[in-house]
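Trainee:
Residue numbers (my numbering): 1 to 119.
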């Protein structure tokens, strides 16, 4: 286990990261650059984006926000505990989100197949 992974697993095991709503900056980013929700079922689409990848997703709060907006979302985090929370939350919401454990800051590059697992 790497020191970074151990540190983040400890943070999540002690419930230090318990924000369950998206960051306001993420919502503004989406509204300004991707799509803005006009009514409960109508959107002003600014860019035809279909997929969103949340690197360092933690408990999945941003991936879940984007999945609720109709995007195909995925999330990667180094903490197995965080990914378990994210998977459980998505399941309870009835959302299909591809959450995986992995280190996105390694020397072989972001999203390298030897850094991402299906756990």
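Ideal Cβ positions, reconstructed from N, Cα and C, are used throughout, including at glycine.
1) Please confirm if the stretch 12-29 is in contact with the stretch 40-49, defined as three or more CB-CB distances below 8 angstroms between the two stretches.
2) Compare the Cα-Cα distances from residue 35 to each of 68, 88, 21, 54 and report the closest residue.
3) For the stretch 55-90, which segments carrying the alpha helix (DSSP H) assignment without a break, of at least 4 residues, lie completely within its bounds, in sequence order?
4) Beta strand (DSSP E) containing residue 41: first to last residue?
5) In the DSSP output, which residue or residues are listed as bridge partners for residue 52?
6) Here's the rule I'm using: 16 or more other beta-carbon atoms within 10 Å means buried, otherwise exposed. How should residue 70 be labelled?
7) Taking the beta carbon of residue 45 as the centre, do at least 16 other beta carbons fall within 10 Å, making it buried, or is it exposed?
Mentor: In short:
1) Short answer: they don't touch.
2) In terms of CA proximity to residue 35, 68 leads the group 68, 88, 21, 54.
3) Fully enclosed alpha helix (DSSP H) runs of 4 or longer: 61-68.
4) For residue 41, there is no enclosing beta strand (DSSP E), as DSSP gives it neither H nor E.
5) For residue 52, which the question treats as bridged, DSSP gives the partners 73.
6) Around the C-beta of residue 70, fewer than 16 other C-beta atoms lie within 10 Å, and the residue is accordingly described as exposed.
7) Counting Cβ neighbours within 10 Å, residue 45 comes out exposed, since fewer than 16 surround it.
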